[in-house]
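Asks: Got a structure for you, written out below as structure tokens; questions coming shortly.
2 protein chains.
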Amino acid sequence: MVKDYPEHLELSQAWQILRGVFAEAYLNFRQEIEITDALGLVLARDIVALRNVPHYAASAVDGYALDADATIGASPATPAMIKKENYAWVNTGADLPVWANSVLMVEDSAIEDGVLCVYKSLTPSTNVRPLGEDVMAGQIIAREGEIVSPALISLFLNAGMEKVSVIKKPGVLFIPTGNEIVPKEEWLANPKPKSGTVAESNSLFIKASFAQWGFTVDVTPVLLDVPDILKEYVQKGAKEYDLVLVGAGSAKGDRDHTLTVFQALGEVLFRWIRMKPGRPAMAAAVDGKPVICLPGFPMSTAVVLWSLVYPLLKLLSGVRGDQKELIREAIGTREIWDTKLLVQHSSPAGVEDWLRVKTARVGDTLYSWVLTSGASVLWALAESDGIALLPASALECEKGTDVQVCMTKEVDLSRRILFQGSDDPAIQLLATPIKRWGGDFVSRAVGSMGGLAALGRGECHLAASHLLDEHDGTYNDSFIERFAAGRDWRRFLVFYRMQGIIVQAGNPKNIRSFEDLCNGDFVFTNRQPGAGTRVLFDYYLKLNGKSPEDVKGYAQQCSTHMEAANRVHTGLADATLGIKSAADALGLDFIPLAEEPYELVIPAEYLEHPGIAALLDALQDSAWRKSVEEMGGYRWPN
Amino acid sequence: MVKDYPEHLELSQAWQILRGVFAEAYLNFRQEIEITDALGLVLARDIVALRNVPHYAASAVDGYALDADATIGASPATPAMIKKENYAWVNTGADLPVWANSVLMVEDSAIEDGVLCVYKSLTPSTNVRPLGEDVMAGQIIAREGEIVSPALISLFLNAGMEKVSVIKKPGVLFIPTGNEIVPKEEWLANPKPKSGTVAESNSLFIKASFAQWGFTVDVTPVLLDVPDILKEYVQKGAKEYDLVLVGAGSAKGDRDHTLTVFQALGEVLFRWIRMKPGRPAMAAAVDGKPVICLPGFPMSTAVVLWSLVYPLLKLLSGVRGDQKELIREAIGTREIWDTKLLVQHSSPAGVEDWLRVKTARVGDTLYSWVLTSGASVLWALAESDGIALLPASALECEKGTDVQVCMTKEVDLSRRILFQGSDDPAIQLLATPIKRWGGDFVSRAVGSMGGLAALGRGECHLAASHLLDEHDGTYNDSFIERFAAGRDWRRFLVFYRMQGIIVQAGNPKNIRSFEDLCNGDFVFTNRQPGAGTRVLFDYYLKLNGKSPEDVKGYAQQCSTHMEAANRVHTGLADATLGIKSAADALGLDFIPLAEEPYELVIPAEYLEHPGIAALLDALQDSAWRKSVEEMGGYRWPN
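Top line first, the protein sequences correspond to chains B and Y. Anchor point for the first sequence: position 43 equals 147 in this note's numbering, and the numbering is continuous, going up by one each time. Anchor point for the second sequence: position 174 equals 278 in this note's numbering, and the numbering is continuous, going up by one each time.
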């Protein structure tokens, strides 16, 4: 009989269910293990010292061991005299002779003809570290539930323990599934994988995450989307492991069989969580073991790992913890930062929203902005400085909204500069030289106009401009003047770069001039409003007496040269306007149109910023200049 | 020729020297490795994607792939009709046929006799995830200096990379030395090690610390204190490893040869650091490799590992960082807490002072207190909640001084209760049952009087009392009344316990009565002022018409029953006053004197505290009560 199970839960509800069902499971994992294997494990019972540490009474100083009785009444005026056989030299840490109960410091004595002159009266135990000073035999030195630390391991040895009773770590199996999934070796061996296929990269992410957390996971071969195969593997997994993870198959497509398999084998605990990404998560109990279905998109896998699998790993290891705290740990949070949104973000209604954000401080404001939010976009996770989890109540988050970020990377805000402006591959190459010079360069491609506007609003440290004034054919001057509005903005002419028409390799459509683009035969792909390249395109349109309606695809927007060139490369467009280096990078043909000056614009107040100083140094970096020259399409100013 | 080197540096100076000398060493460690082995390593150069991710244009929806041209002008009123051969069904994520450039959502269509009716006009790229949406071939996806994360490993695979260039982790060798050091197996095999010997436990601490940090270390056998042997090992180590650690031998004793060996082999960089513990640290460069001498006491080894070795490991791995930050990482800091000292602490002048502290919140105040501060005391490190590093300028730290604690353990302050008062082994056993009932019990043994006084000052949640009023022979009433000073303090009679004279096993000195203790033939060891047991002793003195001068060792103070009994056990004293369970634990003889009531005292305001609630539950715990009965010397109240 198929039991009812809750659907579309909140994340905290999903965790409560798991915690309720598997709270006591760790009690089955008690094990005696060698102390040197116990690091990070939870103790299963109180640990009682078997020996005194130290196990003998040791001298606490360099001096003479003796019986304190023999010193009664001794003083500099009335020294006690002790014969050779009644005292003995001891080093710090050495054991006392059995007949001695105290140690006289050298400075309180003298030796005359082998007789010790004692100038001080001692009581028993003076300058003696008693046996058991650190730990006494029979003392509880660690408690049930405590996590074994390096210090405890060392203490266990000193206290005479070879083994301790701990909760062993759960054994975990991951079962990737999907007809379209290509195993790692096959994927790497074939430089041109079939369209519609995907690399089996989730197991790498899972293995690495487990390694970071101090756990391990076994991975089966990728299963085809056949219910009977999956059933066999899950059944066997639940027998041999303490936790089973199934990759994908929890949606409602015709190849999604995970639910059916879970229902056939055990009890489904919940299905679907009100969060984004990660919604298609699902959990079941099979043979009393937890089985979790991880949605297939990389970012979905990540958030379910963080929010449910890691807390479950801890629970099964005997660690109690708050879900919120555990999620922060799972993410690898170094610090929590209170930031303001740099750019508006729309969050779906009634759904917790996992954001991958970058951060920078401009003036006194610590900003964060959201990187692409798709579940399929892995780069955004790798690139992010941290993770923010927006509550379900957040909807339209205006610019300036408070966002708390779990920082996963170490960011030195005092060195970081935020560039907003015109995208250029040569500028992207500059980040590493800037780092070598002691700065930290992060950028947002918002076009020349967007950058100058952001600079005007105090939302970045620098912008770039290659804007053509269609009234007089001059570049940059009028725009920078307008946005600066009287403020002291400095201009740095970095290079001239060649703009032109980018067409497919070998120019199969035989596009030869700007006019050809407007004849309606070809699909063009454009840049976003405010991009200097778009301004240039509009200028050419006007020069040629054409209007946007004459250009098929004029409304298509790409926000970088590379993105636009890639559309041409894939055949989604026949042509775009862009710089030569973008065409070269993808092996596309290039028809030169015009050379334009590319200038950086930096408010004077930031010139002393360590990041800006590093940038100005890096612009002279010979290795960087060589790379730029090799890209082609750039010319240095005289 | 022997070069000069600085002595008695500040910790930050020592680090500056190491950082200066070894800043570029990591450049020799560049290596191409499999992406799956790269977790946590630093990238040695920018990483450029070899493939587009995704590598094909994929449908973003379930629907019909078609050429957008065929839909021009389509609307519900004027549908475009497309023949079977010119459209194709695609699932989300599937690739588009070559002749298609957009995808029509199902809801905007109908099928009639195999002909697709299109109700919407599409432009090229509609509902298509372009090739390279996540990452474009040629794009820099990770930067030199970045640490490889799980997400990056996954991204590397997707982008077609099998290997990446990283900075490999440094190879590290630890050489323990010392004639008195006994290897682990030998130590464990012999339940009664020779006096003056010490277990080789530092290598366990070092190995476990390295494991926590994601590094490994090889360990040589323990070397005898012979300069030529050490020289051979250090020389070989510096050839084969990137960092060599030498255990002990840096002091000025006659068996300390490390300095001589370092001078013979290379250049000594510094010797001795103005901190406590850890002062005898020393560093040298041998064959261009760093060689660090770790002082032998466990806590000294720990602080040098944290403050110099870990930052050096990171430096050699290509990570730049601030020493203070790196020390916090090394310690395993979870959070930093601002606390007030509960007990005065004296710090040595001009020396940074590493404190091991416990914490608790009483009322609104977050307190910390220092555990024993000896370098040889390992238990204090294992037991501590965190570490505080007092600056050299701190001297006499009064109660209430602000202390910042790097918390290494997770402490739930809302569940933690602080007990100050009379020490008792049965109460120590209560901590684990309290934890099971949802509380967290920490204690300071300050004697009955000390506990009641602390409770009166609001410095703990509960105290205990077994104080005899010598005026009327009653227990507790008058004392509790006095300290409560009208406040509502509740009393819980836990048990009666038997106090008596504890003497050596078999009673070799033939002590039979209290009077015997006062005849001057025997060495007594006393408890601290304010301890109920000391009050009892003083009462018996008076009853017998004796004075403290009649008792040899009256001035010797121990702060727990076990510590006092241990003095008897080791022969440092012939007798003490204490409870039967302490005598039993060490196999000592016991001469009963009097039964006393042991009461817990809890202000009414704390009765709702989760920790107190758990304690009151735990007092009824049958397993605990059984353990107490087994200890002997306790009687439950009727």
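Glycine included, every Cβ here is placed at the ideal spot set by N, Cα and C. As the structure is a computational prediction, the values presented were derived from the model and not from experiment.
Can you tell me where the beta strand (DSSP E) holding Y/Met240 begins and where it ends?
Replies: No beta strand (DSSP E) holds Y/Met240; DSSP gives it neither H nor E.
Asks: Name the residues in the segment 239 to 262 of chain Y whose C-beta lies less than 9 Å from a C-beta of chain B; which are they?
Replies: Correct list: Val239, Met240, Ala241, Gly242, Gln243, Ile244, Ile245, Ala246, Arg247, Glu248, Gly249, Glu250, Ile251, Val252, Ser253, Pro254, Ala255, Leu256, Ile257, Ser258, Leu259, Phe260, Leu261, Asn262.
Asks: Have a look at B/Tyr191 and Y/Phe641 and give me their C-alpha separation to the nearest angstrom.
Replies: Approximately 34 Å between the Cα atoms of the pair.
Asks: Residues in the segment 477 to 500 of chain Y with C-beta within 7 Å of chain B's C-beta atoms, listed in sequence order?
Replies: Cβ contacts with chain B: Ser480, Val481, Leu482, Trp483, Leu485, Ala486.
Asks: With 8 Å as the threshold, decide whether the Cβ of B/Asp199 is near any Cβ in chain Y.
Replies: Answer yes: the Cβ-Cβ gap between B/Asp199 and chain Y drops below 8 Å somewhere.
Asks: Quick check: the segment 511 to 524 of chain B against the segment 542 to 552 of chain B, are at least 3 beta-carbon pairs closer than 8 Å?
Replies: Yes, the segment 542 to 552 of chain B is in contact with the segment 511 to 524 of chain B.
Asks: Rank Y/Gly236, Y/Gln120, Y/Arg149, Y/Ile139 by C-alpha distance to the C-alpha of Y/Phe133 and give the top, closest one.
Replies: The candidate whose alpha carbon is nearest that of Y/Phe133 is Y/Arg149.
Asks: According to the neighbour-count rule (16 or more other Cβ atoms, all chains shown, within 10 Å of its Cβ), is B/Thr578 buried or exposed?
Replies: Exposed is the call here.
Asks: Quickly, what does DSSP pair B/Leu475 with across the bridge? List them, please.
Replies: According to DSSP, which records beta bridges pairwise, B/Leu475 is partnered with nothing at all.
Asks: Name, please, each residue of chain Y whose Cβ falls closer than 8 Å to the Cβ of B/Val232.
Replies: Per Cβ cutoff of 8 Å: Leu676.
Asks: Closest to B/Leu328 by C-alpha separation, out of B/His361, B/Gln339, B/Phe314, would be which residue?
Replies: It is B/His361.
Asks: Which one of B/Glu429, B/Pro652, B/Ala635 has the shortest CA to CA distance from B/Gly682?
Replies: Out of B/Glu429, B/Pro652, B/Ala635, B/Ala635 has the C-alpha closest to the C-alpha of B/Gly682.
Asks: Look up B/Pro201 in the DSSP assignment and say whether it is helix, strand or coil.
Replies: Three-state result, B/Pro201: coil.
Asks: Spatial neighbours of B/Lys267 within its chain, please: C-beta separation below 7 Å, excluding the five flanking residues on both sides.
Replies: Excluding sequence neighbours, B/Lys267 sits near Glu136, Ile137, Glu138, Ile139.
Asks: Assuming Y/Ile244 contacts B/Gln532 under a Cβ cut-off of 8 Å, what Cβ separation, rounded to an integer in Å, is found between them?
Replies: Confirmed, Cβ separation roughly 6 Å.
Asks: Under the DSSP definition of a beta bridge, which residues are partnered with Y/Trp441?
Replies: Bridge partners of Y/Trp441: Y/Val509.
Asks: For the segment 635 to 706 of chain B, which segments carrying the alpha helix (DSSP H) assignment without a break, of at least 4 residues, lie completely within its bounds, in sequence order?
Replies: DSSP runs (the alpha helix (DSSP H)) wholly in the segment 635 to 706 of chain B: 636 to 647, 665 to 674, 684 to 689.
Asks: Three-state secondary structure (DSSP) at B/Asn630?
Replies: In the structure shown, B/Asn630 sits in a strand (DSSP, three-state: E or B).
Asks: Compute the distance between the beta-carbons of B/Leu676 and Y/Asn231, then report whether it is under 8 Å.
Replies: No, the Cβ-Cβ distance between B/Leu676 and Y/Asn231 is not below 8 Å.
Asks: Sorted by chain position, which residues of the same chain lie with C-beta nearer than 7 Å to B/Gly736's C-beta, five sequence neighbours on each side aside?
Replies: Within the same chain, B/Gly736 has close Cβ partners Lys684, Ser685, Asp688.
Asks: Among the candidates B/Leu572, B/Ile605, B/Arg155, whose CA atom is the shortest distance from the CA of B/Glu703?
Replies: Cα-wise, what sits closest to B/Glu703 is B/Leu572.
Asks: Tell me, please, whether the CB atom of B/Phe626 is closer than 8 Å to any CB atom in chain Y?
Replies: Chain Y, which has no Cβ nearer than 8 Å to the Cβ of B/Phe626, makes this no.
Asks: Quick check: is the beta carbon of B/Leu143 nearer than 8 Å to any beta carbon in chain Y?
Replies: So yes, B/Leu143 belongs to the interface.
Asks: Starting from Y/Trp291, follow the alpha helix (DSSP H) in both directions and report where the run begins and ends.
Replies: Counting along the chain, the alpha helix (DSSP H) containing Y/Trp291 begins and ends at 288 to 293.
Asks: What are the boundary residues of the beta strand (DSSP E) that includes Y/Lys393?
Replies: Unbroken beta strand (DSSP E) run through Y/Lys393: 393 to 398.
Asks: Helix or strand or just coil, what does DSSP make of B/Ser731?
Replies: Looking at B/Ser731 - three-state DSSP - the assignment turns out to be helix.
Asks: Between which two residues does the alpha helix (DSSP H) containing Y/Trp119 stretch?
Replies: Counting along the chain, the alpha helix (DSSP H) containing Y/Trp119 begins and ends at 115 to 126.
Asks: Roughly how many angstroms separate the alpha carbons of Y/Asn64 and B/Ser116, rounded to a whole number?
Replies: The requested residue 64 of chain Y does not occur in the structure, where chain Y is confined to residues 105 to 742.
Asks: On the three-pair Cβ rule with 8 Å, is the segment 300 to 313 of chain Y touching the segment 180 to 198 of chain Y?
Replies: Output reads no: the segment 180 to 198 of chain Y does not touch the segment 300 to 313 of chain Y.
Asks: Using a Cβ-Cβ cut-off of 8 Å (strictly less than) and excluding sequence neighbours within five positions of Y/Leu113, which residues of its own chain qualify?
Replies: Closer than 8 Å at Cβ, skipping near neighbours: Ile121, Phe374, Trp376, Ile377, Arg378.
Asks: What does B/Arg591 reach in chain Y if we use C-beta pairs closer than 9 Å?
Replies: Those do not exist, as B/Arg591 stays about 32 Å from chain Y at its closest Cβ, beyond 9 Å.
Asks: Measure the Cβ-Cβ separation of B/Val207 and B/Val276 and say whether it is below 8 Å.
Replies: Against a cut-off of 8 Å, the Cβ pair of B/Val276 and B/Val207 comes out as no contact.
Asks: Which chain B residues are close to Y/Asn190, counting only those with a beta carbon under 7 Å from its beta carbon?
Replies: Within chain B, no residue comes near Y/Asn190; the closest Cβ sits about 17 Å away, beyond 7 Å.
Asks: Label B/Trp119 either buried or exposed according to how many other C-beta atoms from any shown protein chain fall within 10 Å of its C-beta, with 16 as the threshold for buried.
Replies: B/Trp119 should be labelled buried.
Asks: Along chain B, which residues have their Cβ under 7 Å away from the Cβ of Y/Asn205?
Replies: Going along chain B in sequence order, the residues near Y/Asn205 (Cβ under 7 Å) are Leu676.
Asks: Would you tell me roughly how many angstroms separate the C-alpha atoms of Y/Thr536 and B/Thr320, rounded to the nearest one?
Replies: Roughly 30 Å separates the two Cα atoms.
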